[in-house]
Amino acid sequence: MSASTYTGNDGFWKPSSTTSARNKTDSNAPVFNFSSAPLAQQRLLLPIHKHKRQILYSVENFGVVVIVGETACGKSTQIPHYLMSNGWCDNGFQIVCTQPRRIAAQTLAARVTKEVGRTLGTTVGYTVRFDNKTSENTKIIYVTDGILLREATLTDPLLSRYSVVMVDEAHERNLNTDALLGLLKKIRRKRQDLRIIVCSATIDAQAFLDFFNAAETTLNIGTIISVDGRQHAVDVLYLDKPTSNYLRSTVETALSICKLSSKNPKGVNGEGDILCFLPSGEDVDEAIRMAQEVVDSQDPTLANHLVFLPLYSKLPFNMQARVFQIDERDKHKTKRRIIFSTNIAETSVTVPRITHVIDSGLVKLPYFDPKTDFERLIVVPSSQASAKQRAGRAGRLQAGQCYRLYTENFFLKLEKATPPEILRTNLSSFILTLKALGVDNILGFDVMDLPGVDSLSHGLESLYALGAIDDDTNLTVLGMDMSSFPTEPRVSRMLLESLREECSVEVAGVCAALQVRSLFLTPRGGSSAGRQQQQLDYESAISEFADSSGDHVTYANVISHQDDRRMDREECSERFLDYVAIRRISEVRDQLLRFLKKFGRIRSLGMATVDEKRKVILKCLTSGFFFNVAKLHNDGKYYTIRGTNHILVSPSSSSIFHTHGSHAEYIIFCETHDGSRGGMELKNVSAIDPRWLRELAPHYWN
DNA sequence: GAGCACTGC
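Using my numbering, you'd call the opening residue of the first sequence number -6 and step up by one each time.
Dropping the structure here:
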């Protein structure tokens, strides 16, 4: 098929003048059959193998080595292995490799364990939150970057166990990775023996090297090594004219790819599946409705050969799983799958069998506004790096194609990379971590991108209001205690307050619930009659737990019910409760209580009355979230009361406060979203007594 | 008539 023959609804497809999304690699590159070759042979076939000597030489002679390795070049598995075989684990030293995601740390450790020929957790292991598979003798440890950062904060500021720290996927520029890079730069001033390897998929290598070079003496300058990937070529096609409706264009492009294939003698069997990138879960659902409607009405024959699947993180687990299971009954591939996905498929998960990618060119990103203290999700054009990553998803199986729903000129004007998280986020947590690491002057801490003054001072002001730092921005005892919790500062403050109110078990449960996705299974889908009944059933089930103050005490009620009754999966679903979420909440709560135990006696409210229980839980909540208060005005609506800019806010109709609460004069909330009709929508809302504000946050509310 | 990227400790 020739893609340039397709006429889009709003424009024409034309092949890119720069042809391929892939760098350097040859389109006739051999396809390795990894499933049948013995392990040792597989390792020798990896592109990284050619660079083994160069890598070992560089690590020996340079303090910092930047490796530019494309997807599947073998860097994450092989480099630690090479280093171990060459003495970098002698004298009790260990090699640590950081990953942004848990699943990556776990699977990499498992893969390298197989190569080394031991069981997981002996020579090779991993540590992620709630899961530690290492032993005293472990030489190579895969961890999430957050774990290594906390290890430095809590126990070992110089990371003295490690001879080499390898920071993988550094180009993603997560907050944790950035903090870690800054910390490693600082450690190298004291530990010249430490070796740092930074891995990145983009050509940004020089920026990483420059970052470290600024502090290094001439003795130890870093070096860059580039390793080719094992990807197939992906042809990139652009629109001739911009589209006016990306959703419709996505659906029409996907369907026309299928129509063209069905005229091809190879038919649909010759082609892999189609992956479409859209900015939101809502768009994903809408695209599927649209696509189903088009094929049902226009092309019923094609409809029999297609399956439309959604993929986004809020989707229930079993729905997500459908994307990764190739249906047994369909092993001869009579049906072609069209997967509509958010950014989750860009890096977090790999959808199998994709040969075509359709890229809307859009992404939804959070931006924190220090002036309003709200984080907002905004749809923005994705970056060139992101577009390249999306295109690459088509080239894992065989040569593929990527349709970009914008013009080539538009692509050339896009940002090179997505703005790093450090420039977009609330920095209070980041600053508290640095303070705990002994960084007194935050402005003097070296990061790849320095956040704006507004953003830094907002972070400092919040920490001051929480009592974590003093007038001279020095860490207080309370701040030091707060920094030890794996939670954001407001939640850490709330946990510590629970010791004083003697309700730690309940408050830790509420804090855990705030971090895990919704406890309740809200009804969705189905016919309108059935749906109405479901809604009624849902409301009556919730009523059993609902407290008139709102969401937080209701969570405490559910969790305490679970402690007493140990509801199983079935009973949970009858009561519209998410069993997996509740299990997760207990796990998080128990971890929080273990941290809390260092600072005081853990108590539970036991036989306290409903009123007493409500009061102490909400006071603890107020001690952390006093920034987020709104007052009922004469017009019957809530407005924030901080500063001079009073913003209209309305409790989400899905909140317990909305369904079961009273018209309290003052409310407190933990989360905001842009509302559909202006103003902000609130999640996790409770009624509070305004006197608590002066009592618990005097320097903020006086 | 609800509902809103994705991680991580």
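The C-beta atom is built at its ideal place from N, Cα and C for all residues, glycine as well.
Contacting residues, own chain, Cβ-Cβ under 7 Å from residue i (five flanking each side not counted)
i, result
"E495", "R596"
"S655", "S541, A680"
"P40", "C66, G67, V220, D221, G222, R223"
"K17", "Here K17 scores only 36 on pLDDT, less than 50, and its place in the model should not be relied on; the value that follows carries that caveat. D221, listed in sequence order."
"F27", "The pLDDT assigned to F27 is 38, lower than 50, so where the model puts this residue is not dependable; a value taken from the coordinates is nonetheless given after this. Excluding residues within five positions, the ones whose Cβ falls inside 7 Å are Q35."
"P691", "none"
"L151", "I180, K183, R184"
"E580", "F123"
"A14", "Bear in mind that a pLDDT of 45 at A14, under 50, signals an unreliable position, so the number given afterwards is only what the model happens to contain. Contacts found: V227, V229, K381, A384, G385, C395."
"I575", "L512, Q555, C565"
"S647", "T515"
"V500", "M487, L488, S491, I610, C613"
"T120", "T127, I134, V136, I140"
"N695", "R687"
Residue i, enclosing alpha helix (DSSP H) - first and last residue
i, result
"L614", "603 to 618"
"S51", "45 to 54"
"G452", "446 to 458"
"S485", "482 to 494"
"V470", "470 to 476"
"F538", "Per DSSP, F538 belongs to no alpha helix (DSSP H) and is neither H nor E."
"P293", "293 to 296"
"S421", "421 to 429"
"L686", "684 to 689"
Cβ-based neighbour list, residue i, same chain, cut-off 8 Å, excluding 5 preceding and 5 following
i, result
"M673", "F367, I640, L641, V642, S643, T665, H666, D667"
"G460", "T469, L471, G472, R486"
"H626", "Y632"
"D362", "E368, R369"
Cβ-Cβ separation, residue j to residue i (assumed contact under 8 Å), whole Å
i, j, result
"D171", "P359", "Wrong, their Cβ atoms sit about 16 Å apart, outside the cutoff."
"V503", "H545", "5 Å"
"E108", "R223", "Contact doesn't hold; Cβ gap of about 17 Å is too wide."
"I88", "V157", "5 Å"
"T335", "V277", "6 Å"
"A194", "H164", "5 Å"
"I331", "A384", "The Cβ separation is near 17 Å, so there is no contact."
"E144", "Q92", "Their Cβ separation, rounded to whole angstroms, is 15 Å, which puts E144 and Q92 out of contact at 8 Å."
"K328", "V287", "17 Å between Cβ atoms; not a contact."
"I281", "P303", "6 Å"
Residue range of the unbroken beta strand (DSSP E) whose run includes residue i
i, result
"H125", "The identity of residue 125 in the sequence shown is Asn, whereas the question assumes His. Per DSSP, N125 belongs to the beta strand (DSSP E) from 124 to 126."
"Y305", "Per DSSP, Y305 belongs to no beta strand (DSSP E) and is neither H nor E."
"R397", "393 to 397"
"A680", "673 to 680"
"T665", "659 to 667"
"Q87", "87 to 92"
"E368", "367 to 374"
"D352", "347 to 352"
"G437", "Where G437 is concerned, there is no enclosing beta strand (DSSP E), given that its DSSP letter is neither H nor E."
"A506", "First-last for A506: 497 to 508, but that is the alpha helix (DSSP H), not the beta strand (DSSP E)."
"L514", "No beta strand (DSSP E) holds L514; DSSP gives it neither H nor E."
"G62", "57 to 62"
Cβ neighbours of residue i in the same chain (closer than 6 Å, five flanking residues each side left out)
i, result
"E481", "S422"
"G85", "none"
"Y155", "Q87, V89"
"T131", "G118"
"W685", "K612, T615"
"S273", "K357"
"T547", "F538, A539, D540, I649"
"G139", "N169"
"G452", "L420, S421, I424"
"T116", "V109, K132"
"V509", "A574, R577, I578"
Heavy atom of the ligand GDP within 6 Å of residue i beta-carbon
i, result
"F333", "Judged by which ligands are present, the structure shown has none, so any question about the ligand GDP falls away."
For this session: Decide yes or no for the touch test of the segment 396 to 407 against the segment 432 to 452: beta carbon pairs closer than 8 Å, at least 3 of them.
Result: no
For this session: Decide if the segment 48 to 65 is in contact with the segment 187 to 195; the criterion is three or more beta carbon pairs, one per stretch, under 8 Å apart.
Result: Contact holds between the segment 48 to 65 and the segment 187 to 195, because three or more Cβ pairs, one in each stretch, are under 8 Å apart.
Exercise. Do three or more CB pairs link the segment 466 to 476 to the segment 429 to 437 at distances below 8 Å?
Worked result: yes
For this session: Assess, as a yes-or-no matter, whether the segment 584 to 592 is touched by the segment 607 to 617 under the definition of 3 or more beta carbon pairs within less than 8 Å.
Result: no
Problem set entry | Those runs of the alpha helix (DSSP H) which lie wholly inside the segment 109 to 197 and span at least 4 residues | 138 to 147, 168 to 183
Exercise. If you pair each beta-carbon of the segment 194 to 207 with each one of the segment 120 to 131, do three or more pairs fall below 8 Å?
Worked result: Touching, no.
For this session: Counting only runs of 4+ residues fully inside the segment 234 to 285, write out the alpha helix (DSSP H) ranges in chain order.
Result: 239 to 256
Exercise. Taking only runs of the alpha helix (DSSP H) that begin and end inside the segment 542 to 597, which ones reach a length of at least 4 residues, in chain order?
Worked result: For the alpha helix (DSSP H) assignment, the uninterrupted runs of no fewer than 4 residues enclosed by the segment 542 to 597 are, from N- to C-terminal side, 544 to 558, 562 to 567, 572 to 589.
For this session: Determine, using beta-carbon pairs with one atom in the segment 337 to 353 and one in the segment 377 to 396, whether at least three such pairs fall under 8 Å.
Result: yes
Exercise. Which runs of the alpha helix (DSSP H), 4 residues or longer, sit entirely within the segment 619 to 660?
Worked result: Entirely contained in the segment 619 to 660, the alpha helix (DSSP H) runs reaching 4 residues are, in chain order, 649 to 653.
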